[in-house]
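Written below as structure tokens is the structure these notes are about.
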Amino acid sequence: SRQRRNENLKAAPATSPYNLSEYFKQFVFPQNECELHNFRLSFSQLKWDKWIIAPQRYSPQYCQGDCPRAVGHRYGSPVHTMVQNLIYEKLDPSVPKPSCVPAEYSPLSVLTIEPDGSIVYKEYEDMIATKCTCR
Amino acid sequence: PHSRDRGGSDKASGFLAAPEDTASELNPVLQLPKGARRGYALLPPLLKVLSDQGSRSWDSQVPRLQPDSRALRYMKRLYKMSATKEGIPKAHKGHLYNTVRLLTPCSECGHGHSDLVKGDVHSVDLLFNLDRVTALEHLLKSVLLYSFDTSVPISSSMTFICHLSIKEHDFSSQVCPSISHSLAFSLHFEVSKRKWVEIDVTSFLQPLIATNRRNIHMAVNFTCLMGDPQQSTKLENPVNVTLVPPSLLLYLNDTSEQAYHRWNSLGHRRKSLVRARQRNGPLEDPTGDKGKRNAQGKRA
Chain S
671 SRQRRNENLK AAPATSPYNL SEYFKQFVFP QNECELHNFR LSFSQLKWDK
721 WIIAPQRYSP QYCQGDCPRA VGHRYGSPVH TMVQNLIYEK LDPSVPKPSC
771 VPAEYSPLSV LTIEPDGSIV YKEYEDMIAT KCTCR
Chain Z
8 PHSRDRGGSD KASGFLAAPE DTASELNPVL QLPKGARRGY ALLPPLLKVL
58 SDQGSRSWDS QVPRLQPDSR ALRYMKRLYK MSATKEGIPK AHKGHLYNTV
108 RLLTPCSECG HGHSDLVKGD VHSVDLLFNL DRVTALEHLL KSVLLYSFDT
158 SVPISSSMTF ICHLSIKEHD FSSQVCPSIS HSLAFSLHFE VSKRKWVEID
208 VTSFLQPLIA TNRRNIHMAV NFTCLMGDPQ QSTKLENPVN VTLVPPSLLL
258 YLNDTSEQAY HRWNSLGHRR KSLVRARQRN GPLEDPTGDK GKRNAQGKRA
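Here is the structure:
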């Protein structure tokens, strides 16, 4: 596609800035692009700090933003995402657009008190989002 | 997970909630099929309360015994050694466990603190309840955790020669002889008031846990001679060492899906590095630098 763009560029007559920006609009990425956002929660807010000893606060993070049409290259999305985007745009708008969701996570170590008063340290998988994708 | 047929534009009928369970609207867990509800019971407390989405504050509904303060101090120290400030498990080499349980002996056995002075024998009857250990938590190592508190801070270093013998209390099974285990070790006190001593009893406990015992009942004899015979140190003012009944520490490998499996992340990191080289997208750093966990495939 880079080759085709270069050819188009050569063929295109000297255009005023207005047409150029129009031309490049097809490649622009949404302002509100799909990305990782910070969110810090403390277990006392959930009233769980009586039995969760550590950590007292933790940042699960979350993914939010729009998914552009050309998702493959930028978000590591599977081909299906582009197909679903095509279905949404061309065939059936009731089929949802691809969503901005976590793609990779980090684990979290948690120290808790059990009902019988024993104490348990456990490492939980997938507790912190570290990367987003569109799918 | 259930799938819905969306052929063409007409919508198939949606998934109907089970009519007979009107209570299920109140409690999301009751909407789960029977098998999943049994799985729900196995979930660790944190995931139980997450799947309830806090609809019932789990902690207020479940009566809770307060843990022993010494045990709590020990586990907080273990947490600091095992996780970063943000709570992410540190990448320890050879750290195969992803769960550590500290059990304090149950109180009905009626033993309090006792002083161990100059070669006293400290024998105690311990009953540990293993109900909280799930079927997917496999024992890697077990330790009797003793905490020695000296009545006064020790001015100089001091050595104890100790001997510990454990015998299982199980009158029900006459057939197999009760398991016993004994070992000798020396205990060296530096200038400190408190000392943790971890005595490995894995070989003693492994056969008991393997038979899925829910209660471990053991008699523990603990003898310590103060002063080191070789150096024949004479103690002007003998120090009282308070010996509290030990806690039982279980290092476990939880193979459930929700638990973090360190060895999986090694494999995953190798795959993402390969994928990164192929695609080399702007978001994917080719060096695979993911903060702390950047052990290239080679080191692993």
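Order-wise, the sequence lines are chains S and Z. If you count by our numbering, then the first sequence holds residues 671 to 805, one letter each, in order. If you count by our numbering, then the second sequence holds residues 8 to 307, one letter each, in order. All C-beta atoms in this analysis are idealised placements derived from N, C-alpha and C, irrespective of residue type, glycine included.
For residue i, which option in the options has the closest C-alpha, if you only look at C-alpha atoms?
| i | options | result |
| --- | --- | --- |
| ASN222(Z) | SER89(Z), SER254(Z), PHE155(Z) and PHE135(Z) | PHE135(Z) |
| THR111(Z) | HIS170(Z), ASP75(Z), ASN219(Z) and ASP207(Z) | ASP75(Z) |
| ASP95(Z) | ALA773(S), ARG727(S), TYR758(S) and MET752(S) | With the sequence shown as reference, residue 95(Z) is identified as Ile, and Asp is not the correct amino acid for it. If we check each option's Cα against that of ILE95(Z), ARG727(S) comes out closest. |
| GLU793(S) | GLU144(Z), PRO214(Z), VAL208(Z) and SER154(Z) | GLU144(Z) |
| GLU703(S) | LEU716(S), ASP736(S) and SER714(S) | ASP736(S) |
| PRO214(Z) | PHE155(Z), TYR153(Z) and LEU146(Z) | LEU146(Z) |
| SER130(Z) | THR91(Z), VAL227(Z) and PHE211(Z) | VAL227(Z) |
| LEU255(Z) | ILE216(Z), CYS231(Z), THR230(Z) and PRO52(Z) | ILE216(Z) |
| PRO772(S) | SER714(S), ASN708(S) and PRO725(S) | ASN708(S) |
| VAL749(S) | LYS720(S), PRO777(S) and THR803(S) | THR803(S) |
| ALA3(Z) | ARG220(Z), HIS102(Z) and SER154(Z) | What is shown of chain Z runs 8 to 307, which leaves residue 3(Z) out entirely. |
| LEU232(Z) | PHE192(Z), LYS202(Z), ARG220(Z) and CYS169(Z) | CYS169(Z) |
| THR230(Z) | THR218(Z), ALA191(Z) and ASN260(Z) | ALA191(Z) |
| PRO725(S) | LEU761(S), GLN734(S), PRO777(S) and ARG672(S) | PRO777(S) |
| ARG805(S) | LYS760(S), LEU761(S) and ARG739(S) | ARG739(S) |
| GLN643(S) | CYS770(S), LYS760(S), GLN673(S) and LEU690(S) | With chain S covering 671 to 805 only, the question about residue 643(S) has no answer from this structure. |
| PRO730(S) | ARG672(S), ASN755(S) and ARG710(S) | ARG710(S) |
| LYS148(Z) | PRO52(Z), VAL56(Z), LEU109(Z) and ARG269(Z) | LEU109(Z) |
| PRO747(S) | LEU690(S), GLN673(S) and LYS801(S) | At residue 747(S) the sequence reads Ser, which differs from the Pro that was named. Selected option, being the one with the closest Cα: LYS801(S). |
| GLY732(S) | GLN701(S), VAL753(S), LEU756(S) and LEU706(S) | Going by the sequence as given, residue 732(S) is Tyr instead of Gly. Checked all of GLN701(S), VAL753(S), LEU756(S) and LEU706(S); the closest Cα to TYR732(S) is LEU706(S). |
Just checking: is the beta-carbon of residue i within a distance shorter than 8 Å of some beta-carbon in chain Z?
| i | result |
| --- | --- |
| GLY787(S) | yes |
| PRO772(S) | no |
| VAL749(S) | no |
| TYR791(S) | yes |
| TYR794(S) | yes |
| TYR728(S) | yes |
| ARG672(S) | no |
Looking at residue j and residue i, is the spacing between their C-beta atoms short of 8 Å?
| i | j | result |
| --- | --- | --- |
| LEU781(S) | TYR86(Z) | yes |
| GLU93(Z) | VAL150(Z) | no |
| THR751(S) | PRO768(S) | yes |
| PRO766(S) | TYR775(S) | no |
| GLU795(S) | TYR81(Z) | no |
| ILE723(S) | LYS83(Z) | yes |
| SER712(S) | SER89(Z) | no |
| SER172(Z) | SER189(Z) | yes |
| LEU133(Z) | PRO252(Z) | yes |
| GLU175(Z) | MET225(Z) | yes |
| ILE783(S) | TRP721(S) | yes |
| LEU212(Z) | THR106(Z) | no |
| VAL208(Z) | TRP718(S) | no |
| ARG220(Z) | HIS102(Z) | no |
| LEU152(Z) | TRP203(Z) | yes |
I'd like to know if residue i contacts chain S, where contact means its C-beta is closer than 8 Å to some C-beta of that chain.
| i | result |
| --- | --- |
| LEU85(Z) | yes |
| THR240(Z) | Low confidence applies here, because THR240(Z) scores a pLDDT of 42, under 50, leaving its location unreliable; read the following figure in that light. No, THR240(Z) lies away from the interface with chain S (no Cβ there is under 8 Å from its Cβ). |
| ASN219(Z) | no |
| ARG108(Z) | yes |
| ARG63(Z) | Residue placement at ARG63(Z) cannot be trusted, given a pLDDT of 44 that sits under 50; what the coordinates show is reported in the next sentence. No, ARG63(Z) lies away from the interface with chain S (no Cβ there is under 8 Å from its Cβ). |
| ASP261(Z) | yes |
| ALA78(Z) | yes |
| VAL56(Z) | yes |
| LEU72(Z) | yes |
| LEU215(Z) | no |
| PRO112(Z) | no |
| LEU212(Z) | no |
| MET82(Z) | yes |
| ALA226(Z) | no |
| PRO2(Z) | The question about residue 2(Z) has no answer here: the residues shown for chain Z are numbered 8 through 307. |
| LEU171(Z) | no |
| ALA266(Z) | yes |
| LEU190(Z) | no |
Counting only Cβ pairs nearer than 7 Å, list the residues of chain B close to residue i.
| i | result |
| --- | --- |
| LEU232(Z) | In the structure shown, chain B does not exist; the protein chains are S and Z. |
Does the contact criterion of 3 or more C-beta pairs under 8 Å hold for the region 138-145 of chain Z versus the region 774-791 of chain S? yes
Name, going along the chain, the residues of the region 752-780 of chain S whose beta-carbon falls closer than 7 Å to a beta-carbon of chain Z. ASP762, SER776, PRO777, LEU778, SER779 and VAL780
Name the residues in the region 697-724 of chain S whose C-beta lies less than 8 Å from a C-beta of chain Z; which are they? LEU716, LYS717, TRP718, LYS720, TRP721, ILE722, ILE723 and ALA724
Interfacial residues, the region 131-156 of chain Z to chain S, with Cβ spacing under 8 Å: ASN136, ASP138 and ARG139
Name the residues in the region 87-106 of chain Z whose C-beta lies less than 9 Å from a C-beta of chain S; which are they? LYS87, SER89, ALA90, THR91, LYS92, GLU93, GLY94, ILE95, PRO96, LYS97, TYR104, ASN105 and THR106
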